[in-house]
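Engineer: Heads up: the sequence shown is residues -4 to 392, going by my numbering.
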Amino acid sequence: MFKNKKVSILLGLAMIPFLGAGLMLFSGCNAVTSDDTTTTTTNGGTTTTGGTGTTTTTTVRTYDFTVSEIHDSGASGQYSSIAVDSNNKVHIVHSASTSLLYTTNVSGSWVTTTIVSVGIGDAAMAIDGSNGLHVAYYDTTNLYLKYAYKADGTSTWTNKETVDSSGSVGYANSIAVDSNGKAHIVYRDLTNSDVKYATNASGGWVTEVADASGSPSTTSIAIDQATNNVYIAYQIGANLYYRTGTAGSWSSAGTADSGVVFRSISLKLDSSNKAHISYYNSVDSELKHTTNATGAWVDEVVPGAGIGSDGGYTSLAIDSSNNLFISYHKDYTSSGLSTALKVAYYVGGSWSIKEVKSGSETANIGMYSSIALDTNGNMHISFEEGNGSDLWYAVEE
């Protein structure tokens, strides 16, 4: 739960003794007895559950975090991807260079198992409506895009499949799941310099070129759960592109931003299925956000979040109130200070910045950050701490 400061206000103008009944408060013409009970609602007011009075409780969200190291061997913090299930249990996939690992606290403590033992160049995970886990990864041993699935309540990863083997394919992958529990993946075809898309929506895997204009250095994907339309974002050169569609039918590529160099983009849809993208502007060392919520694309620099010459690794989450939360790696090495994992959040109409963890300039804290929200709206972040390339985890208190 959030770490809150609670202030209770009991309404009344005067307090006088009442014979045989303890104290009674008067608010205008309404009597409020001192034995009224209340129920607290996070980030809001409450009303009494007993008696006749009204007590208002205000809660203040502090955005504080508890941070811990959860896997410390084998340089295992790279390519982390996090998901939180409907029971608020945490699931993380990550790489130990020669194996793809899965770490979870479903049992109450952190347990790590191996999904597959191959060279890993990139990985991404999505969770479906039944708490099933879907993982896309780049097999650097064979240079293929591969996929694995684990059903809720099981310990076995099944459907370990090769999705695409037509050249060097699968790097810079991103995965999302539709309302039918089918996977959709966008990724890089290095051999042919294409943006490719794959899905198993029809049963077997179908792959196609989504954009043949260049090889993307980063991609991201999201699904409209009402229509199962696919939304993809990707970087080619200095341009950030965006497309929508389904297999075999894509809109013309639109430019979400241009003229700068991007890295580690993250695409999410809000409650109106408007797109939001977080990304790193490496020319000006800035964290940026762009959206088509008003129709045309509008981009902005997140104030106070200057990333540094070697920062980035942004990851975006959106809550049910359309508040935005971006985790990112802040680099201070140019000034010889430290590095940090930070969160930028857009709540109440303005941006704020919170430092989650910082350390020495060689630590590279916050690389490969991935953020997810639980059912209470709390933030959960997986990330790499670079001294030992270990896997760390931060949860909002």
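A virtual CB, placed ideally from N, CA and C, is assigned to each residue, including glycine.
Using a Cβ distance threshold of 8 Å, determine whether the region 96 to 110 contacts the region 51 to 62, with at least three qualifying pairs required.
Structural biologist: Taking 8 Å as the limit for Cβ pairs, the verdict is that the region 51 to 62 does not touch the region 96 to 110.
Engineer: Based on the DSSP secondary-structure assignment, which residues constitute the bridge partners of Glu379?
Structural biologist: As a working note, residue 379 is residue 384 in the sequence shown. Met362 and Leu386, per the DSSP bridge assignment.
Engineer: Between Val338 and chain D, is there a C-beta pair that is closer than 7 Å?
Structural biologist: The structure shown has no chain D; it contains just one protein chain.
Engineer: Based on the DSSP output, what are the partners of Ser163 in its beta bridges?
Structural biologist: Taking the sequence shown and counting its residues from 1, one reaches residue 163 at position 168. Note: Ser163 sits in no beta bridge, so no partner.
Engineer: Specify, as a first and last residue, the run of the beta strand (DSSP E) that Ile87 falls within.
Structural biologist: As a first step, residue 87 is located in the sequence shown; it is residue number 92 there, counting from the start. Note, Ile87: beta strand (DSSP E), Val85 to Ser90.
Engineer: Note down the Cα distance separating Ser169 from Thr153, rounded to an integer number of angstroms.
Structural biologist: On the sequence shown, position 174 is the one that residue 169 refers to. On the sequence shown, position 158 is the one that residue 153 refers to. Going by the C-alpha atoms only, they are around 20 Å apart.
Engineer: Using only the alpha-carbon positions, how far apart do Arg183 and Asn317 sit?
Structural biologist: Translated into the one-based positions of the sequence shown, residue 183 becomes position 188. Translated into the one-based positions of the sequence shown, residue 317 becomes position 322. For Arg183 and Asn317, the distance between alpha carbons rounds to 30 Å.
Engineer: Counting only the same chain and skipping the five closest in sequence on each side, list residues whose C-beta sits under 7 Å from that of Tyr341.
Structural biologist: Position 346 of the sequence shown holds residue 341. Answer for Tyr341: Asn318 and Leu319, listed in chain order.
Engineer: How far does the beta strand (DSSP E) with Asn400 in it reach, from first residue to last?
Structural biologist: Absent from the structure is residue 400, since the part of the chain shown begins at -4 and ends at 392.
Engineer: What does DSSP give as the partner residues of Leu96 in its beta bridges?
Structural biologist: The residue you call residue 96 lines up with position 101 of the sequence shown. Looking at the DSSP assignment, Leu96 forms a beta bridge with His89 and Thr109.
Engineer: Taking 7 Å as the limit between beta carbons, can you name the residues of its chain near Lys325, skipping five residues before and five after?
Structural biologist: Along the sequence shown, read from residue 1 onward, the residue named residue 325 stands at position 330. These residues qualify, in order along the chain: Ile302, Gly303, Gly306, Thr334, Ala335, Lys337 and Gly361.
Engineer: Starting from Trp346, trace the beta strand (DSSP E) in both directions and tell me its first and last residue.
Structural biologist: Position 351 of the sequence shown, counted from the start, is the residue given in the question as residue 346. Unbroken beta strand (DSSP E) run through Trp346: Ser345 to Ser355.
Engineer: Going by DSSP in three states, Phe257 sits in which element: helix, strand or coil?
Structural biologist: For the purposes of this step, residue 257 is identified with residue 262 of the sequence shown, where counting begins at 1. Coil, per DSSP.
Engineer: Can you give the Cα-Cα distance for Gly372 and Thr149, rounded to whole angstroms?
Structural biologist: Within the sequence shown, the letter at position 377 stands for residue 372. Within the sequence shown, the letter at position 154 stands for residue 149. So the two alpha carbons sit approximately 26 Å from each other.
Engineer: For the beta strand (DSSP E) that Ala196 lies in, which residues bound it at each end?
Structural biologist: Translated into the one-based positions of the sequence shown, residue 196 becomes position 201. Unbroken run through Ala196: none, as it is neither H nor E.
Engineer: Measure the C-alpha to C-alpha separation of Ile4 and Thr52 and round it to an integer number of angstroms.
Structural biologist: Taking the first residue of the sequence shown as position 1, residue 4 is located at position 9. Taking the first residue of the sequence shown as position 1, residue 52 is located at position 57. Note that Ile4 scores 33 on pLDDT, short of 50, meaning its location in the model is unreliable and no value can be drawn from it.
Engineer: According to DSSP, is Ile302 helix, strand or coil?
Structural biologist: Your numbering for residue 302 matches position 307 in the sequence shown. In the structure shown, Ile302 sits in coil (DSSP, three-state: anything other than H, G, I, E or B).
Engineer: So, under 8 Å CB-CB, Thr214 and Ile227 are touching, yes? Tell me the CB distance rounded to an integer number of Å.
Structural biologist: Start at 1 with the first residue of the sequence shown, and residue 214 comes out as number 219. Start at 1 with the first residue of the sequence shown, and residue 227 comes out as number 232. The pair is a contact, with the Cβ atoms about 7 Å apart (cut-off 8 Å).
Engineer: Can the beta-carbon of Thr309 be found closer than 7 Å to that of Ser353?
Structural biologist: Residue 309 sits at position 314 when you count from the first residue of the sequence shown. Residue 353 sits at position 358 when you count from the first residue of the sequence shown. Their beta carbons are not under 7 Å apart, which means Thr309 does not touch Ser353 by this criterion.
Engineer: Using the Cα positions of Thr370 and Ser267, report the straight-line distance between them to the nearest angstrom.
Structural biologist: The residue you call residue 370 lines up with position 375 of the sequence shown. The residue you call residue 267 lines up with position 272 of the sequence shown. Their backbone Cα atoms lie some 19 Å apart in a straight line.
Engineer: Comparing alpha-carbon positions, which option in Asp117, Ser125, Gly127 and Ile87 lies nearest Thr108?
Structural biologist: On the sequence shown, position 113 is the one that residue 108 refers to. Closest by alpha carbon: Ile87.
Engineer: Excluding the 5 residues preceding and the 5 following Tyr139 in the sequence, name in chain order all residues of the same chain whose CB lies nearer than 8 Å to its CB.
Structural biologist: Here residue 139 refers to the residue found at position 144 of the sequence shown. Correct list, in chain order: Tyr133, Thr157, Val158, Asp159, Ser160, Val164 and Gly165.
Engineer: Using only alpha-carbon positions, find the residue among Ser104, Lys84 and Met120 that is nearest to Ser90.
Structural biologist: Along the sequence shown, one-based indexing puts residue 90 at 95. Out of Ser104, Lys84 and Met120, Met120 has the C-alpha closest to the C-alpha of Ser90.
Engineer: What's the call for Asn38, buried or exposed, on a 16-neighbour Cβ count within 10 Å?
Structural biologist: If you number the sequence shown from 1, residue 38 lands on position 43. Confidence at Asn38 is low in this model, with a pLDDT of 47, below 50, so the placement of that residue should be treated as unreliable; the coordinate-derived value is given next. So Asn38 ends up on the exposed side.
Engineer: Between Trp292, Val106 and Asp279, which lies nearest to Thr250 when the distance is taken from Cα to Cα?
Structural biologist: As a first step, residue 250 is located in the sequence shown; it is residue number 255 there, counting from the start. With distances taken between Cα atoms, Thr250 lies closest to Trp292.
Engineer: Starting from Ser76 and walking both ways along the beta strand (DSSP E), at which residues does that stretch end?
Structural biologist: Locating residue 76 in the sequence shown gives position 81, counting from the first residue. Per DSSP, Ser76 belongs to the beta strand (DSSP E) from Gln73 to Val79.
Engineer: Given a cut-off of 7 Å, decide if Leu95 and Val111 are closer than it, judged by their beta-carbon atoms.
Structural biologist: Working through the sequence shown from its first residue, we reach residue 111 at position 116. Working through the sequence shown from its first residue, we reach residue 95 at position 100. Cβ atoms of Val111 and Leu95: closer than 7 Å.
Engineer: If you check the beta carbons only, do Tyr142 and Ala131 fall under 7 Å apart?
Structural biologist: As a working mapping, residue 142 is identified with position 147 in the sequence shown. As a working mapping, residue 131 is identified with position 136 in the sequence shown. A contact, by the Cβ cut-off of 7 Å.
Engineer: What did DSSP end up calling Ser63 once you bin it into helix, strand or coil?
Structural biologist: The count along the sequence shown starts at 1 and reaches residue 63 at position 68. Ser63: strand per DSSP, three-state reduction.
Engineer: Around the Cβ of Ala233, are there at least 16 other Cβ atoms within 10 angstroms (buried) or fewer (exposed)?
Structural biologist: By 1-based counting over the sequence shown, the position of residue 233 is 238. Classification of Ala233: exposed, given that the 10 Å Cβ count is below 16.
Engineer: Using only alpha-carbon positions, find the residue among Asn359, Val390 and Ala367 that is nearest to Gln73.
Structural biologist: As a first step, residue 73 is located in the sequence shown; it is residue number 78 there, counting from the start. Considering only alpha carbons, the answer is Asn359.
Engineer: How big is the Cα-Cα spacing for Asp385 and Ile115?
Structural biologist: By 1-based counting over the sequence shown, the position of residue 385 is 390. By 1-based counting over the sequence shown, the position of residue 115 is 120. Distance between the alpha carbons of Asp385 and Ile115 is about 16 Å.
Engineer: How should Gly381 be labelled, buried or exposed, when 16 other C-beta atoms within 10 angstroms of its C-beta is the threshold for buried?
Structural biologist: Taking the sequence shown and counting its residues from 1, one reaches residue 381 at position 386. Buried.
Engineer: Taking buried to mean at least 16 other C-beta atoms within 10 Å of its own C-beta, is Pro211 buried or exposed?
Structural biologist: The residue you call residue 211 lines up with position 216 of the sequence shown. It counts as buried.
Engineer: Report the CB separation of Ala270 from Tyr236 in whole angstroms; it is logged as a contact under 8 Å.
Structural biologist: Within the sequence shown, residue 270 is the residue found at index 275, counting from 1. Within the sequence shown, residue 236 is the residue found at index 241, counting from 1. Contact flag wrong, Cβ pair sits at about 12 Å.
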